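Asker:
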Amino acid sequence: MADPEIKSYAPHHESQSAAVTESPTARAVLMIVAFAFLGVFLLLPLIIVFNEAFSKGIGAYAEALSNPDTRSAIRLTLLVAAISVPLNVVFGISAAWAIAKFEFKGKAFLTTLIDLPFSVSPVISGLVYVLLFGAQGLLGGWLKAHGIVILFAVPGIVLATIFVTFPFVARELIPLMQEQGNGDEEAALSLGANGWQTFWYVTLPNVKWGLLYGVLLCNARAMGEFGAVSVVSGHIRGLTNTMPLHVEILYNEYNAVGAFAVASLLAGLALVTLVLKTLLEMRYGAEIAATRGH
Amino acid sequence: MEVRVANVRKEFDRFPALRDVSLDIKSGELIALLGPSGSGKTTLLRLIAGLERPTRGNIFFGEEDASHKSIQERNVGFVFQHYALFRHMTVADNIGFGLKVRHGPTRPSAQEIRRRASELLDLVQLSGLEKRYPAQLSGGQRQRVALARAMAIEPRVLLLDEPFGALDAQVRRELRRWLRDIHDTTGHTTVFVTHDQEEALELADRVVVMSQGRIEQVGTADDIYDTPNSPFVYGFIGESSSVPVKVEDGQVWIADRPIGLSAPQAPEGQATLFFRPHDVELVDGCSGCIAGTVAASRRVAGTRRVELEIGGERQRVEIELPVDHPAAQKSRVAFRPRRWKLFPAA
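These protein sequence lines are chains A and B, in that order. For reference, each letter of the first sequence is one residue, going 1 to 294 in the UniProt record's numbering. For reference, each letter of the second sequence is one residue, going 1 to 346 in the UniProt record's numbering.
(1) Between which residues of its own chain and A:V257 is the CB-CB distance below 6 Å, once the five residues before and five after are set aside?
(2) So, at 6 Å on beta carbons, what are the nonlocal neighbours of B:K20 in its own chain, with the 5 sequence-adjacent residues on each side left out?
(3) State the DSSP-derived secondary structure class of B:N58, mapped to helix, strand or coil.
(4) May I ask you to verify whether the segment 204-221 of chain B touches the segment 27-43 of chain B, counting CB pairs closer than 8 Å and requiring at least 3?
(5) Run the CB neighbour count on residue 323 of chain A, radius 10 Å, all protein chains shown included, and call it buried at 16 or more, exposed below.
(6) Which two residues bound the contiguous beta strand (DSSP E) that contains B:F275?
(7) Helix, strand or coil for residue 389 of chain B, going by three-state DSSP, please let me know.
(8) What does DSSP give as the partner residues of B:R4 in its beta bridges?
(9) According to DSSP, is A:T77 helix, strand or coil?
(10) Going along the segment 174-195 of chain A in order, which residues come within less than 8 Å of chain B, judged by CB to CB distance?
(11) Taking 8 Å as the cut-off, does the segment 165-174 of chain A touch the segment 57-65 of chain B (at least 3 CB pairs, one atom from each stretch)?
(12) Could you check what DSSP says for A:G109 in three-state terms: helix, strand or coil?
(13) If you measure beta-carbon to beta-carbon, which residues of the segment 202-227 of chain A are closer than 9 Å to chain B?
(14) Is A:L151 closer than 8 Å to A:G134 when the C-beta atoms are compared?
(15) Report the residues of the segment 90-117 of chain B with a CB closer than 7 Å to any CB of chain A, ordered along the chain.
(16) Keeping to the same chain, check which residues put their C-beta closer than 6 Å to that of B:F274; ignore five residues upstream and five downstream.
(17) Quick one: give me the first and last residue of the beta strand (DSSP E) that B:G77 is part of.
(18) Which residues of chain B have a Cβ atom closer than 7 Å to the Cβ of A:Q197, listed in chain order?
(19) Could you tell me which chain A residues have their CB closer than 8 Å to the CB of B:A49, listed as they occur along the chain?
(20) Does any residue of chain A have a CB that is nearer than 8 Å to the CB of B:R316?
(21) Are any of the Cβ atoms in chain A nearer than 8 Å to that of B:A84?
(22) Do B:L99 and B:R116 have their CB atoms nearer than 8 Å?
(23) How many whole angstroms separate the CB atoms of A:E248 and A:P122, which I take to be in contact at a CB cut-off of 8 Å?
(24) Ends of the beta strand (DSSP E) at B:W253?
(25) Answer with yes or no whether the minimum CB distance from B:I215 to chain A is below 8 Å.
(26) At which residues does the alpha helix (DSSP H) containing A:F166 begin and terminate?
(27) In whole angstroms, what is the alpha-carbon distance linking B:D24 and B:V191?
(28) Am I right that B:V171 and B:G140 are in contact with their C-beta atoms under 8 Å? What's the rounded C-beta distance?
(29) Please say whether B:L167 and B:V193 have beta carbons closer to each other than 8 Å?
(30) Cutting at 6 Å between CB atoms, please list the residues of its own chain near B:A291, excluding the five before and the five after it.
(31) Helix or strand or just coil, what does DSSP make of B:R19?
(32) Return yes when the Cβ of B:I224 is within less than 8 Å of the Cβ of B:I237, no when it is not.
(33) Assuming residue 347 of chain B contacts B:V247 (C-beta within less than 8 Å), just tell me the rounded distance between them.
(34) Distance cutoff 8 Å, beta carbons only. Does B:R149 sit that close to anything in chain A?
(35) Give the secondary structure of B:A301 by DSSP, where H, G and I count as helix, E and B as strand, and everything else as coil.
(36) How should A:M31 be labelled, buried or exposed, when 16 other C-beta atoms within 10 angstroms of its C-beta is the threshold for buried?
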């Protein structure tokens, strides 16, 4: 009887049998293709970003980052991520729990709906908010009458970011939870644990690696989102410009150092995300392996 | 703790998994729920545990009606088919989990929990494995940890779902004896589900045979094997052969010949005759016997199984003969069952 294998994001080493091993030439070709591709499309742009950012020396770089508008963009981006990521964690866990552990009407519909932000262009999701909350929009009049500003302000940016990033956590957790089933939760309940204890001691540890991965992806996207945010932000300098928007403005103003300095921060975020994930996997490798077996 | 299941019906999406099931489980008893898949045995176990709620009927723990109590309130130890050990916890933490999640004064100190855990590990003969993770244990060891974990909460009833289902035959047999020993030491009222009749008959004080959401028969291994009360039980437990017959004048007939069995109590008309293939006597000549031509003969372990074609309708029936019995070579064999039972044709 095969025990259910739990997917993990740790690299999966398997011993290669001689029969499926390609000839040395074939292997070399495959590896060169893979590395060349990654080099041209991923590594090179990264190098160029940092190269441009530091093209006029470290002084110019520091100056570009200390610009008040740039600082404000960084602050706004952090704020947006700080609001939207935790909300999407809560949403992602709830949705994954509901979909993986219960049977209910409309389950397939909910599953499809979660994917919507992936299949819809971010610009369109931004436009939806304009139609909804804009001055001529569905709720525009009511909002205006009550003095609530959503569009071209921070709330609009947060909403658009949440919309764009909400599949990340849920998408990571649903297959994981479905695969694990209800057995562990039933066991915890039978041992006298209440719902909260079951969630905290059993469900959460079982999905923590998937959850962490989802959070990292969600955060990277929340900070990097351009399209949807661009539509609802209004591009008010120092007020509603997030980092990606600010990069574009600086670039359009031929301020290459400024644009690439901010871009280097976003690129740095991506690198930090990657390193963090790798470190965690190294540190907790044994535990991840334990989560996987059983 | 006595457990009484009273007229329980359970439906899943209108489909009845259990139809009007009643069962009394005595305190301290080791009882097996035996049946083919889809017979409702696991559903019954989960209902007793409180993992499912009955559609109708009640479940009593002693005098108390537990039908609407949650699984936490029922205080049962449940061992899952695939153990459901918490993979991120060590063996000791797994066993101590039920004590750790208690509230207020009923919650033992961390030290006490550790002590209880290693005590239970001793009981299940896994001392020294406290720090291991479930992934580092063999199937049989996981099974023992699961049992220790269930016993840690001092349950009123111990419930095991196919406890040996995922283990290989050798380990199964060992664990069977071991479970019996543990039961005799601790005296827990224990219910286990199995589809393996050998396991049920060997291990349990009483066996509950189930089929299609109903209880067919409840009894000791001897009762179930020697006096099956339905064609299903006759067919399901042990080897059996059956022949369509008719009853007339208190005699059993195959086609137009009496076969030397008298059944004065049986109702007249069509019936099915059941007997054990090994429980037959061979007779010479045939005035009052079942006679047939040998259609096939197979060697099975210590015996030879012979298939006979009898009667005009080429009905096949199986009997067992000693390996060196000369009758196995003959083309025509006559026999009479020693112990048998008639069930009216449905």
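For every residue, glycine included, the Cβ atom is placed at its ideal position computed from N, Cα and C. Predicted model only: the values in this text are computed from it and were never measured.
Answerer: In terms of the structure at hand:
(1) K56, A60 and A64
(2) The identity of residue 20 of chain B in the sequence shown is Asp, whereas the question assumes Lys. Cβ neighbours of B:D20 beyond the five flanking positions: N7 and R9.
(3) strand
(4) yes
(5) Because residue 323 of chain A is not part of the residues shown, which for chain A are 1 to 294, the question remains open.
(6) G269 to F275
(7) Nothing about residue 389 of chain B can be reported from this structure: the residues present for chain B run from 1 to 346 only.
(8) B:D24 and B:F60
(9) helix
(10) G183, D184, E186, A187, A188, L189, S190, L191, G192, A193 and N194
(11) no
(12) Looking at the sequence itself, residue 109 of chain A is Phe, so the reference to Gly does not match. Note: A:F109 maps to helix in three-state DSSP.
(13) V202, P205, N206 and K208
(14) yes
(15) F97, G98, V101 and R102
(16) Y234, S240, S242 and K341
(17) V76 to V79
(18) V101
(19) S190
(20) no
(21) yes
(22) yes
(23) Not quite, the Cβ-Cβ distance comes to about 14 Å (not below 8 Å), so this is no contact.
(24) Q251 to I254
(25) no
(26) Counting along the chain, A:F166 falls outside any alpha helix (DSSP H), and DSSP gives it neither H nor E.
(27) 11 Å
(28) 4 Å
(29) no
(30) A334
(31) strand
(32) yes
(33) The structure shown has nothing for residue 347 of chain B, since chain B only spans 1 to 346.
(34) yes
(35) coil
(36) exposed
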